[in-house]
Every structure is written in C-alpha cells, then in structure tokens.
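Below you'll find the structure, written out as structure tokens, and then a few comments.
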Amino acid sequence: MGKYILKRMGAALLTIFLVVTITFFLMNLVPGGPFVAEKSISEQAQNALKEKFGLDKPLIVQYKNYMLNAFHGDFGLSLKQRGRNVTDIISSKFPVSARLGGIAVLVALLLGIPLGSVAAVNRGKWVDNLIIVIATGGIAVPSFVLCTVGMYVFGVHLGLLPTFGLTSPLHYVLPVFALSFYPTAYITRLMRSSMLDVIGQDYIRTARAKGVSQFFSLFKHALRNAILPVVTYVGPLLAYTLTGSFIVERIFVIPGLGGQFVSSIMNRDYTVIMGTTIFLATLVIVMNTVVDIVYKLIDPRIQLN
Amino acid sequence: MKQNTFSFQLKVDDFLPATDEEKQSLVQMRPSVSFWKDAINRLKKNKVAMVSLTLILIIMVLAFIVPNFYPYKYEQQIQGSEYLRPMTYSVQEQARIDAEEMVFPHIMGTDNLGRDYAVRLMVGSRISLLVGLIASGIILIIGSVYGAVSGFFGGWTDMIMMRIADIVYTVPDILLIVLISFAIQEPMASLATKPGFHWIQTIGVNLISIFLVFALLYWVGMARIVRSQVLTLKQSEYVTAAKALGASNGRIIRKHLLTNCIGTLIVTTTLQIPSSIFTESFLSFLGLGVAIPLPSLGSLASDAINGLNTYPYLLLAPAIMISLIILSFNLFGDGLRDAFDPKMKS
Chain A
147 MGKYILKRMG AALLTIFLVV TITFFLMNLV PGGPFVAEKS ISEQAQNALK
197 EKFGLDKPLI VQYKNYMLNA FHGDFGLSLK QRGRNVTDII SSKFPVSARL
247 GGIAVLVALL LGIPLGSVAA VNRGKWVDNL IIVIATGGIA VPSFVLCTVG
297 MYVFGVHLGL LPTFGLTSPL HYVLPVFALS FYPTAYITRL MRSSMLDVIG
347 QDYIRTARAK GVSQFFSLFK HALRNAILPV VTYVGPLLAY TLTGSFIVER
397 IFVIPGLGGQ FVSSIMNRDY TVIMGTTIFL ATLVIVMNTV VDIVYKLIDP
447 RIQLN
Chain B
34 MKQNTFSFQL KVDDFLPATD EEKQSLVQMR PSVSFWKDAI NRLKKNKVAM
84 VSLTLILIIM VLAFIVPNFY PYKYEQQIQG SEYLRPMTYS VQEQARIDAE
134 EMVFPHIMGT DNLGRDYAVR LMVGSRISLL VGLIASGIIL IIGSVYGAVS
184 GFFGGWTDMI MMRIADIVYT VPDILLIVLI SFAIQEPMAS LATKPGFHWI
234 QTIGVNLISI FLVFALLYWV GMARIVRSQV LTLKQSEYVT AAKALGASNG
284 RIIRKHLLTN CIGTLIVTTT LQIPSSIFTE SFLSFLGLGV AIPLPSLGSL
334 ASDAINGLNT YPYLLLAPAI MISLIILSFN LFGDGLRDAF DPKMKS
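Residue numbers (my numbering), protein chains in the order written: chain A, 147 to 451; chain B, 34 to 379.
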C-alpha cells in the first residue's frame, strides 16, 4: 500500500510539473502581453514595467526564475492588480468559491444518493419513472440556462430571492441550485444503476432470506457497495466545483476563483494565470489520487496497481 | 386401444424410417442474424430511442433545410421591427398587410436589431449541431487511434501515452481555448484574405479555435475507453492468429481491434455529440464562440440575458432548443448502448 501511494504521488508531481511547463510556454508563445492593451502607457514605461517583472529576459531564464521561486512557494506579484500577491489573490478568492461549491456538492450527494436508491428499489413503478425523467432532463439543461431562468422566475418575477452577491444565506439558494443541479441528476442516475446491480446480487437475497428487514438489508448491505461508483465521481466533481464555475460566478456576481481565472486569462496576467493553473491542476490531481486510494481501501476486490 | 399409464406399450409406427418430407421438416434454416441487424432490431423496439431519433431528424430538417427557403435571412435587419412580440407586425408591415400584400409572420418575434428570431434560432441550431457533429468526428478519429495504439503496444508506450493523456486532461480548457484563439487570430485573419479561404471569416476564428481545442483536449475520454477495450480484445485468438500469419501491427489495429469495438465507438461518439454542443454553447455564452452575426444557441441565449425582464421568450427559446437537442442525443445514445451491448442480448 505504501509503495503504491508513493508511486502515485511521484506520478502526480511529474504531471503537475509538466502541466506547469506546458502552460508557461504556451502562454508566452501567444502574441501580445500584459501591458500591450494599456495604450496610455508610453513605450518607456512599458519597458520599465517589463524590466520590473523580469519579462525582458529570455524566455528560458524567465522559466528558470519562475520555477525556482514557485518551488519556494513564491508565485510572484500580479501584473495587473498592482501590489497584490498571487498567493493573496488565490487565498482571498478560493474560500468564496469553495464554500459555495462545497454546499453544492453536499446538496447533490444528499439528494442524489437517496433519489437513486429509491428509484432502484421501486424499479419500473411510477416513482422510478418520475425520478428517471427528472434526472435525464437535469443532465440536458446547461447551467447558464438554469441560472438565468431561476433568476428570472424567483428573483425578478416572484421577488423571493436575491439575484446577486453572497451576503446572506438566502443569497446562496440560487447559485447552489444552479451548481448542484447537474451533479444531482448525474449521481441519481449513477446510484440507480449501481443499486440495481447490487440488489440483484446473491448476498442481498441471502440477507433477505435470513430475515433481515428490507430497510436494513438496503442500508447495511446494498448501499455500501452501491456507493462505490459515486465515490469515483465525487473526487473530480469536488475539484471542479470547489474552484468555482465561471458561468455561475459571472451571472450572480460572485467574487470567486472561477471568475478571477477567466479575467486573468483575458488580461494576460501571467503570474495569476500560472498560480491559478498550478492550484487547479494540483487540486484535480490530488483529488483523483485520493479517490483512487480511497477506492482501493473501501473495495477489497480491486487489486493494487 | 386404451393405454396403461405405467406400461411400455410402444407404437410400431414410431420406429419406421422417416420419409423425405419428415427429414426436411427437421432441417430448420434460420436466417443468420448479423451483428448490425441484431442491433438495429433491438434499437427499433426501443420506443424512447426511436422518439429521440425522430426528434433529432425533425430538428435537423429545421436547422439545415428550412432556413434555405425561409422568407427571412438570419442576418437580415428589418427596419422598424425591433423587439416585436411573437406573431405581431411592425407599423410598416401592418401597412403592407393593409395593402393586401403577403407578409410572413414573425413566429417568434424579432430581436433587438429587428432580425426574425425564428430563423435565427434555426440557424443557431444548425451551428450548434455542426459543432457537435464535427467535433465528435474529430474526437472519434484522434481518440480511437490514440487509445488503440496505446492499448495494443502496452508497456512503456502505454504508460507514456496515458501520462500524456493525464496531462492533457488536467490543463484547464478555458485557458487553452483563449490562448489558442489569441494565437491563431493573426495567421487566420491573413489566411482569410487569400482566395479560397473566405469561409474562415464566416465561421469565425473563435469557432476554428474551438475545433482545435476539441481536437487537442477532449479526445482523452474516448482514448481511455478504446484503450480498455483493446486491452481485452488483443488477448483474443484471432489477434494471435493474425500475428502468426504475419499481419502488420497497423493492419491488426485497423482490421481486427477497431472493427471489434465499433459498438463502443458508435455509442461513445453519439454521447459525445451532446457534450460538444454543451461546451460550444457554454463558450458562445462567454463570447468565445461564433463570429457575429452568425448565431449559435449559446450566443442567442447570452444576447437575450440583458432583456430578460421584458423579453423572457428570447432566452427561453434557445434554452429549450439546447435542452431538447442534448436530451434527445443522450436518450438516443442510451438506446444505442442498449442495442450494441452484447451483454444485454437475450
């Protein structure tokens, strides 16, 4: 087990390193730069700025400097938001997105797992059909549609919910709804099919034959095994949801990491792009690795390697 | 003669040699059912899949054929008829109707520039469908070849190729789309002025960069699925036989491995179409999609947001259209999976 974890961590570090390298060179190969758009700045001032941030040096030297600094935990200053540290920006924006995303994932799990199980147990009955129709529909609706329609119906038309910002618990309702809709539908479908698989297994029949009640046989025996595919899905889901959805953050005017990332790309804020990419990539890879390890811990049928 | 239940009273007739007719009746030639016929038969029985297929075909007719002889054009701005409600006419048009002229109604009204919304919606669906189909085609080609090569050769090749796939999967896609569209802006713009390349301007550099990104990024899922199929298929006897007969690796991959995972390829590609449409609508919504005035469902929805309070139908129409397209492709893909999955065969 220890050897396996070490191997996975080595591979993860290598992947992060390569992603960072590719992003760095790709970003710099693209014509234009962070100070080109600012027409008010004279050429002299532009050169001074470039010198200040070390952008006048050859690319390979910039790369070496950046990697050395990043290795020491210094991700540099933002090129656009004067005087702000990249680490500062990420650590101020990430909690906003993470809280929203965390609630959304929690909602998706709390709704999706029971709904999927109920559908599987009542296979072919109207409850099952209803849940399946809703879940299939849920997968087909893009999040921006949900956001805007939800905003129109509840925010503007009925005037029940606030439509922008994140200042009170009520503010969370619409964004969480929009963020958790797709994962809920997906988890419901996943849970239903794996629950159907498990219910048909011999050990469930044995448990029922021994006189275990239906409720108990479902919760004690079936749920534990049926939940495995959901675990694999939740890892990447967490990584992507915690870092914030750009669409949801833009529509509801939420100052999160997702919106920050896209605006930094548009502005060519090199250091912020790099910092955020490293952060996102690390989160995705760590989550995937954790899921793989957890998966092997909870499912003894799976062999290591 | 009454037969005793427990005695062996044999009938002599049963032991006579069979006549030719009787022999013939035992030879039952059932027509052999091919893989394709079998799958299509099963698909035909699936009502949900057939309804979705019909829906897809209707949407395709609306998107590709109807706009060609529709009385309005998608970029045509009609003076004085901005923001018309559905089935209403502007003052000028009303005057023409009073003069007993035929005026085709604006079934879905018009947008802020006085363009007929119904035709824009249809052309928008055309763009979204095209993106879905072409992008899925690109993904199919790259993903299946990459996955097959990786799975077939195994060992170090496999490890390195799958690591590369991991890396590609981890780079944030928005970053790549923006960077690529910036990077190819100049070369594409100069290429578009050359004869024979004017289509680039019509589609827009952004859309081409979306295709590039699809080609570069989204093949990973397809490659992984094909690889896992190939890993099991390459153990089969017919692959060993082909090898023993001296078939080249390329031939084995083409003739034996990829043809045998054709079911998986079809299903995965069909399910890829809605997710490509999803991505395109999302990007158009961000303003990274098609070039103005060409509409796509995402850009139509994005444009409609500003007037949401007064003209909600301008948003609802493309939103419903996207959902319908994605839903029917998803359901049809599910049906295909049931039809092509041999494990479901009864």
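Built from N, CA and C at the ideal position, the CB exists for glycine as well.
Residues that residue i contacts on chain D, provided the C-beta gap is smaller than 8 Å
i       : result
L214(A) : Of the protein chains in the structure, A and B, none is chain D.
Residues bridged to residue i [DSSP beta-bridge criterion]
i       : result
T424(B) : Lying before the first or after the last residue shown, residue 424(B) is absent from chain B, which here runs from 34 to 379.
L223(A) : N231(A)
Cβ-Cβ distance between residue i and residue j below 8 Å
i       : j       : result
L369(B) : V300(B) : yes
G165(B) : I353(B) : no
G404(A) : G390(A) : yes
T313(A) : F398(A) : no
T423(A) : T233(A) : no
Q324(A) : V394(A) : Residue identity check: residue 324(A) is Ala in the sequence provided, not Gln. Yes, these two residues count as a Cβ contact at 8 Å.
V156(B) : Y107(B) : yes
A225(B) : I233(B) : yes
L264(B) : G184(B) : yes
M155(A) : G258(A) : no
M120(B) : A350(B) : no
M412(A) : V323(B) : no
L357(B) : S161(B) : no
D199(B) : T387(A) : no
Y300(A) : L292(A) : The displayed chain sequence assigns Phe, not Tyr, to residue 300(A). No.
R354(A) : A281(A) : no
L88(B)  : S158(B) : no
I172(B) : Q305(B) : yes
G180(B) : I258(B) : yes
C266(A) : L342(A) : It should be pointed out that residue 266(A) corresponds to Ala in this sequence rather than to Cys. Yes.
L348(B) : T294(A) : yes
Partner residues on chain A for residue i, Cβ-Cβ distance less than 7 Å
i       : result
A345(B) : Before going on, a small fix: residue 345(B) reads as Pro here, not Ala. Those are Y298, listed as they occur along chain A.
K314(B) : Correcting the residue type first, residue 314(B) is Ser in the shown sequence and not Lys. Per Cβ cutoff of 7 Å: P288.
D199(B) : T161
I338(B) : T294
Buried or exposed (CB count within 10 angstroms, at least 16 for buried), residue i
i       : result
P307(B) : buried
A222(B) : exposed
H289(B) : buried
F137(B) : exposed
A372(B) : buried
I130(B) : exposed
R153(B) : buried
E189(A) : exposed
F392(A) : buried
K239(A) : buried
D46(B)  : exposed
I91(B)  : exposed
H303(A) : exposed
V377(A) : exposed
L252(A) : exposed
V124(B) : exposed
I325(B) : exposed
F230(B) : exposed
K44(B)  : exposed
Q406(A) : buried
Q42(B)  : exposed
L261(A) : buried
P315(A) : exposed
Neighbour list for residue i in chain B, Cβ cutoff strictly below 9 Å
i       : result
P329(A) : Correct list: empty, because the minimum Cβ distance to chain B is about 14 Å.
I393(A) : F315, F318 and L319
Chain-ordered chain A contacts of residue i [CB-CB under 9 Å]
i       : result
R196(B) : A157, L160, T161 and L164
N363(B) : T282, I285 and A286
D53(B)  : Within 9 Å Cβ-Cβ: nothing; D53(B) doesn't reach chain A, min ~49 Å.
S356(B) : G283, A286, V287, P288 and V291
F247(B) : Correct list: empty, because the minimum Cβ distance to chain A is about 17 Å.
Under 7 Å from the C-beta of residue i: neighbouring residues of chain B
i       : result
G283(A) : L360
A427(A) : T203
Proximal residues of chain B, C-beta to C-beta of residue i below 8 Å
i       : result
T423(A) : V204, P205 and L208
L307(A) : By Cβ distance, chain B contributes nothing, its closest Cβ being about 15 Å from L307(A), past 8 Å.
I168(A) : I200 and V204
beta-carbon residue i near the ligand NAD non-hydrogen atom, thresh 7 Å
i       : result
G237(B) : Looking at this structure, you won't find the ligand NAD or any other ligand, since it has none at all.
*Can you give, in chain order, each stretch of the alpha helix (DSSP H) that sits fully within the segment 259-334 of chain A and has at least 4 residues?*
Complete alpha helix (DSSP H) runs here, min 4: 272-286 and 289-296.
*Segments assigned beta strand (DSSP E), at least 3 residues, entirely inside the segment 38-111 of chain B*: Every candidate beta strand (DSSP E) stretch fails here, since none sits fully inside the segment 38-111 of chain B while reaching 3 residues.
*Could I get the ranges of all uninterrupted alpha helix (DSSP H) runs contained in the segment 152-231 of chain B, with 4 residues as the minimum, in chain order?*
Whole alpha helix (DSSP H) segments, 4+ residues: 188-203 and 206-226.
*Let me know the alpha helix (DSSP H) ranges lying completely inside the segment 251-311 of chain B, each 4 residues or longer, listed in chain order.*
Complete alpha helix (DSSP H) runs here, min 4: 252-266 and 270-277.
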